[in-house]
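Novice: I have a structure I would like to understand better, so I am pasting it below and will then ask my questions one at a time.
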Amino acid sequence: MIYRIVKYGDPVLETPAEEVKEFGTPELRQLVDDMFETMWSAKGIGLAAPQVALSKRLTVIDPSAGEDPNAKIVLINPVVVREEGLQTGEEGCLSIPGFREQVTRAMNVKVRAQNIEGETFEKEGSELVARAMLHEIDHLNGVLFLSRLSPLKRDLIRRKIRKLQKAGEW
Ligand code: ZN
């Protein structure tokens, strides 16, 4: 099943998500599969549960965009345990379509999370994977990449989005 991706303006995107407490269930497996399907069909490389209007600390990431099954990452209840270095690069968000901006984030990160079975693991990533993990974990905290921009840039984008909303084009 492909979910509808909610857009900026929906309060679920700016609300910290709730911890996942039930693991290994058919529902959780299905949700993870559906989130990958939804992300691939939208041509994204990361998707967090709040983006499909579910307040759960769960995100899927695939830097290969469906090309490499080994590239799939599922992070449940993730926390960042280490950040090193900096990178600046263009970033977008499926919930803020049409806007891409330069965002500075850590170059290398280590994340601790649970898998579908509830087992804790650590995952390291750099460059694009680090950027994706940090962007998605931000989503679970109700934080959008707009918050990582300068106030000037952020206000400009918000104004443009408000115009689109008024025109019924958002
Ligand atoms: Zn996003």
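So the sequence shown is numbered by numbering that gives the first Met the number 0: it starts at 0 and just counts up by one.
We put the beta carbon where it would ideally sit given N, CA and C, even for glycine.
(1) Just to confirm my understanding: we take His138, look at its own chain, exclude 5 residues before and 5 after, and list those with CB closer than 6 angstroms. What are they?
(2) Give me the DSSP bridge partner(s) of Arg104.
(3) Any idea what DSSP makes of Ile72, helix, strand or coil?
(4) How would you label Asn76, buried or exposed, when you count the other beta carbons within 10 angstroms and need 16 or more for buried?
(5) Following the continuous alpha helix (DSSP H) through Ala52, name the residue where it begins and the one where it ends.
(6) Which residues in the same chain have their Cβ closer than 6 angstroms to the Cβ of Thr119, if we skip the five residues on either side of it in sequence?
(7) Please give the ranges of any alpha helix (DSSP H) in the stretch 4 to 52, keeping only runs that are unbroken, at least 4 residues long and fully inside the region.
Specialist: Per the coordinate set shown:
(1) Counting from 1 along the sequence shown, the entry for residue 138 is found at position 139. Within its own chain, the residues whose Cβ lies closer than 6 angstroms to the Cβ of His138, once the five positions on either side in sequence are excluded, are Ala47 and Pro49, listed in chain order.
(2) As a first step, residue 104 is located in the sequence shown; it is residue number 105 there, counting from the start. Arg104 is bridged to Gln86.
(3) Stepping through the sequence shown from its first residue, residue 72 is reached at position 73. Strand, per DSSP.
(4) What you label residue 76 is simply residue 77 of the sequence shown in a count that begins at 1. Answer is buried; the Cβ neighbour count reaches 16.
(5) By 1-based counting over the sequence shown, the position of residue 52 is 53. Bounds of any alpha helix (DSSP H) do not take in Ala52, whose DSSP letter is neither H nor E.
(6) Working through the sequence shown from its first residue, we reach residue 119 at position 120. Gln113, listed in sequence order.
(7) With a minimum length of 4 residues, the continuous alpha helix (DSSP H) runs that stay inside the stretch 4 to 52 are 25 to 40.
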